[in-house]
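S.K.: Would you mind keeping the following structure in view while I ask a few things?
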Amino acid sequence: MPVISYRKAINQALEQEMARDARVILMGIDVGGGAGGSGDVGSVGGVMGVTKGLYPKFGSDRVIDTPISESAIIGAAAGAAVTGMRPVAELMFVDFIGVCFDQIYNQAAKFRYMFGGKARTPLVIRTMGGAGMRAGAQHSQTLHPILTMVPGLKVVMPSSPYDAKGLLTRAIRDDDPVVFLESKSLYDVKGEVPEEAYEIPFGEANVLRDGRDATIVAFGAMVPRAVAAADLLAKEGVKVTVLDPRTTSPLDEEAILDSLDETGRLVVVDESPPRCSLAADIAALAVSQAFDALKAPVGLVTCPHTPVPFAPNLEDAYVPSVARIVEAVKKTL
Amino acid sequence: MLKAIRMPKWGLAMEEGTIVEWLRSVGDEVAEGDDLIDIETTKITNTLQATNAGRLVRIVAGDGEVMPVGALIGVLASEIADEAEVDAFIAASPVAVVEEEAEEEAAMAVQSLDIGKRINVATAGSGKPLVLLHGFSGDLNNWLFTIEGLKDAARVIAIDLPGHGASEKDVGDGSLAGLAADVAAALEELGVSDAVVAGHSLGGAVAMRLALDHPALVSKLALVCPAGLPGGFVSDDFLSGIVNAEKARDVKKALQLLVRDPDTVSRDMVDGVVKMLRLDGAQAALAVLRERMLAGGDFAALSLDALPPVTLIASRNDAIVGAPDVSALPPGWTVHWLDQAGHLPQLEAAGEVNALLRALL
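First to last, the sequence lines map onto chains A and B. Taking this note's numbering, I'd label the letters of the first sequence as residues 906 to 1238. Taking this note's numbering, I'd label the letters of the second sequence as residues 970 to 1330.
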């Protein structure tokens, strides 16, 4: 099976879905790249090069370079979706979501509900998050909790190249608005990805490690860290299950509760400040649905309640580390 | 003469193995083919057999140790050797020998053939061709222990049937004749004729159809828990379990029907099948095959009397195709019954199946 990067896996899903369905269009800042500039079209493909090569293949009608206006990009994409296209809009950094949040939570997420189920909104918002890139407090957040709490939105956090392709394919074929939250730190991670198109369903957790001593739930870029922690713990004889729910909305509660039933110990790793985080949400799930199964307090490994620091040493300390995950699991034992 | 015992490589994906248990102790005399070590991979646990006779003089990696593929794990001596000699042998031995370097021509190669549709094929070894056809919802990796075990004695060719593995998902009308025609085209592309063809389950029925429709390609048949024999059945619990599976846990439940001990179905095994089923068109292709199998006409049309020599490997604990009525089979078939396996003996009792196949080469 071919081994490709997370970036390439996303690019491949976009290319295959655009080839399969003419209604799939891309729009965003520099997603074509170079159009109207040097004439070297398709040279950039977005700030991270994810859409590179798609402009020459599909042209300016389907790969649309937009002005630098997030409210225009998302508003236009939501309108296109509800009138029959299947747009994939790129919001360069999730940090910029504030200026287009009305279009997302008060418009796109509510069309189906408010139009009596008659409107479909097959909109995908591709965006990226995550700290560790020395990009400062306004370009390093993750913000999935803000999106997860909105009814009507589906929220995806792919943690591997295989998952990125299958989940994005599913997102594009989905008739509801989906926020596809990519992790900056994963773009160069490589893994086995089939060349053929495939879908990974929403709401089904991936089990990356099996163990009966504890359960770690992690999302996005925290998944490889949770796996590394599990492998370190295994060397000390502690066997933990690692669950990646893949989508924060819908959430595979059943997988989490089933695992908790076996292990009785839960650690949630969330790249987010702690208040109203996924960590808090899943801890609430555990205590409300599986209190009798719990053998120890739920461990929460999150960022502190501060903006993402710019000083490199502070930024490194801000993001949950493998060492903190190991420590949190040990505390539950 | 000292001989290294190394961590084997069972299948392309294997990088390391865990030594579950040494079945022999230091000082034991070992014959070629004796069971030596139970080794666990992420896929399944299998027994490593001795490839040389001799006395086990050293266990380098003990029970519970995880070693990379090619690592030295023990030493056999064909003559009396003193401890110092063994120490020197171990010290001089490379830490890990990767098989592709050691036995280049025997290493497994995967290629995709264009026969008007894409057919994925793995080949290993040289000599008389041994063709391996997997069953419903399987893929060529179902034969990983067979490929590894017999590549020293044959040109082993394992094929992903249409609709399966990395082959194209187009299964046409799903008939045995159509599947056999695709296998025939792939074999012709590879320049193979007069082959020993081993088929498992649905692949067994395809092998029979292949021998009837394309007799020049097939010299002998080995049928491993084949579908379509008199007295047998096809479990729709399994077929529809796979065709309608939505989540990994549905797939796991279906796969557990295949084996005698449900614990042999590992997370990796489930993941492999789940990944295959998610590919566009995969479950639709399997749905076509399921309907065709349940209709049964293709099985009834197999002229068992007209087949080349057949070795039948059947399992008494087979929940998927049942136990065939041997009295209804043509005279001259060689029948072996297995007691320790379910429907996947090439994985559950690999040593036994490999020995039976080796005898046909």
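Where a beta carbon is used, it is the ideal one built from N, C-alpha and C, also for glycine.
Going by DSSP, name the residue or residues bridged to Thr1032 of chain A.
M.R.: According to DSSP, Thr1032 of chain A bridges with A:Leu996, A:Leu1086.
S.K.: According to DSSP, which residues form a beta bridge with Gly933 of chain A?
M.R.: Answer by DSSP bridge pairing, in chain order: A:Asp970, A:Glu995.
S.K.: Quick one: give me the first and last residue of the alpha helix (DSSP H) that Val1112 of chain A is part of.
M.R.: Where Val1112 of chain A is concerned, there is no enclosing alpha helix (DSSP H), although the beta strand (DSSP E) it sits in stretches over 1111-1114.
S.K.: Checking contacts by CB at 8 angstroms: is Leu1248 of chain B closer than that to chain A?
M.R.: Yes - at least one Cβ of chain A is within 8 angstroms of the one on Leu1248 of chain B.
S.K.: List the whole-angstrom C-beta distance separating Gly1085 of chain B from Ala1254 of chain B, where the pair is believed to meet the contact cut-off of C-beta under 8 angstroms.
M.R.: Actually they do not touch by this definition, with Cβ atoms about 16 angstroms apart.
S.K.: With a threshold of 16 other CB atoms inside 10 Å of the CB of Phe998 of chain A, please say whether the residue is buried or exposed.
M.R.: So Phe998 of chain A counts as buried.
S.K.: CB-CB under 8 angstroms to Gly942 of chain A, same chain, minus the five flanking residues each way: which ones, in chain order?
M.R.: At Gly942 of chain A, the pLDDT of 48 sits below 50, so the modelled position is not reliable; the number obtained from the coordinates is stated separately. Hits under 8 angstroms: none found.
S.K.: Could you please tell me which residues of the stretch 1195-1222 of chain B, in chain order, have their CB closer than 8 angstroms to any CB of chain A?
M.R.: Those would be Glu1215, Lys1216, Ala1217, in chain order.
S.K.: Which bits of chain A does Arg1236 of chain B rub up against, with CB to CB less than 7 angstroms?
M.R.: Simply Val1112, Asp1115.
S.K.: Tell me where the alpha helix (DSSP H) around Pro1314 of chain B begins and ends.
M.R.: Looking at the DSSP string, the run of the alpha helix (DSSP H) that includes Pro1314 of chain B is 1314-1317.
S.K.: What are the start and end residues of the beta strand (DSSP E) that includes Glu1141 of chain A?
M.R.: Unbroken run through Glu1141 of chain A: none, as it is neither H nor E.
S.K.: List, in chain order, every chain B residue whose beta-carbon is nearer than 8 angstroms to that of Ala1102 of chain A.
M.R.: Within 8 angstroms Cβ-Cβ: Leu1248, Asp1249.
S.K.: Rounded to the nearest angstrom, how far is the Cβ of Asn1323 of chain B from that of Phe1114 of chain B, given a contact under 8 angstroms?
M.R.: Correct: roughly 7 angstroms between the Cβ atoms.
S.K.: Run through DSSP, which three-state label would Asn1089 of chain B get?
M.R.: Strand, per DSSP.
S.K.: Hey, Ser1170 of chain B and His1305 of chain B: beta-carbon distance below 8 angstroms or not?
M.R.: No, the pair does not count as a contact, with Cβ atoms beyond the cut-off.
S.K.: Going by DSSP in three states, Met953 of chain A sits in which element: helix, strand or coil?
M.R.: If DSSP states are grouped into helix, strand and coil, Met953 of chain A belongs with coil.
S.K.: Taking the alpha carbon of Val1035 of chain B as the point to measure from, which residue in B:Val1044, B:Met1262, B:Ile1008 has its own alpha carbon closest?
M.R.: That would be B:Ile1008, whose Cα lies nearest to the Cα of Val1035 of chain B.
S.K.: Quick one: does Pro1150 of chain A have its CB under 8 angstroms from some CB of chain B?
M.R.: Chain B contact via Cβ: absent.
S.K.: Three or more C-beta pairs under 8 angstroms: does that hold for the stretch 1122-1133 of chain A against the stretch 1259-1278 of chain B?
M.R.: Verdict: no, contact absent.
S.K.: Mind checking which residues open and close the beta strand (DSSP E) that includes Gly1043 of chain B?
M.R.: Gly1043 of chain B -> beta strand (DSSP E) spans 1041-1046.
S.K.: Decide if Ser1047 of chain B is buried, meaning its Cβ has at least 16 other Cβ atoms within 10 Å, or exposed.
M.R.: That one is exposed.
S.K.: Between the Cα of Ala994 of chain A and those of A:Val1231, A:Ala1189, A:Gly950, spot the shortest distance and give me the residue it belongs to.
M.R.: Ranking the options by Cα distance to Ala994 of chain A, first place goes to A:Gly950.
S.K.: Within 10 Å of its beta-carbon, does Ser965 of chain A have 16 or more other beta-carbons around it, so buried, or fewer, so exposed?
M.R.: Answer is exposed; the Cβ neighbour count stays below 16.
S.K.: Could you tell me the alpha carbon to alpha carbon distance between Ala1150 of chain B and Leu1179 of chain B, rounded to whole angstroms?
M.R.: Ala1150 of chain B and Leu1179 of chain B: Cα-Cα distance of roughly 7 angstroms.
S.K.: What residues of chain B sit near Leu1106 of chain A, judged by a beta carbon separation below 9 angstroms?
M.R.: First, the residue type needs correcting, since residue 1106 of chain A is Pro and not Leu in the sequence shown. Result: Glu1215, Lys1216, Arg1247.
S.K.: Please classify Leu1181 of chain B: does DSSP put it in a helix, a strand, or coil?
M.R.: It is helical.
S.K.: Our contact map puts Leu971 of chain B next to Ala1167 of chain B with C-beta atoms below 8 angstroms; I'd like the distance itself, whole angstroms only.
M.R.: Between Ala1167 of chain B and Leu971 of chain B the Cβ distance is about 35 angstroms, and since that is not below 8 angstroms, they are no contact.
S.K.: Alpha carbon to alpha carbon, how far is Lys1236 of chain A from Gln1018 of chain B?
M.R.: For Lys1236 of chain A and Gln1018 of chain B, the distance between alpha carbons rounds to 44 angstroms.
S.K.: Which whole-angstrom value describes the C-beta separation of Ser910 of chain A and Val1192 of chain A, a residue pair presumed to lie in contact below a C-beta threshold of 8 angstroms?
M.R.: Not really, about 39 angstroms apart at Cβ, beyond 8 angstroms.
S.K.: Put Arg1261 of chain B into one of helix, strand or coil per three-state DSSP.
M.R.: Looking at Arg1261 of chain B - three-state DSSP - the assignment turns out to be helix.
S.K.: Taking C-alpha atoms, which residue in A:Lys1200, A:Ser1090, A:Ala1069 lies nearest to Asp1149 of chain A?
M.R.: Checking every option, the nearest Cα to that of Asp1149 of chain A belongs to A:Ala1069.
S.K.: Could one say the Cβ of Ala940 of chain A lies closer than 8 angstroms to chain B's Cβ atoms, at least one of them?
M.R.: Residue confidence is low: Ala940 of chain A scores 45 on pLDDT, short of 50, so the model does not pin down where it sits. No coordinate-derived value is stated.
S.K.: Taking the runs of the beta strand (DSSP E) that are 3 residues or longer, which of them lie wholly in the stretch 1026-1081 of chain A?
M.R.: 1029-1034, 1059-1061, all fully within the stretch 1026-1081 of chain A.
S.K.: Establish whether the CB of Gly1071 of chain A and some CB of chain B are separated by less than 8 angstroms.
M.R.: So yes, Gly1071 of chain A belongs to the interface.
S.K.: So is the beta-carbon of Ala1076 of chain A under 7 angstroms away from any non-hydrogen atom of the ligand FMN?
M.R.: Ligands in the displayed structure: none, and consequently the ligand FMN is not present.
S.K.: Does any C-beta atom of chain B lie closer than 8 angstroms to the C-beta of Glu1109 of chain A?
M.R.: True, the Cβ-Cβ gap to chain B drops below 8 angstroms.
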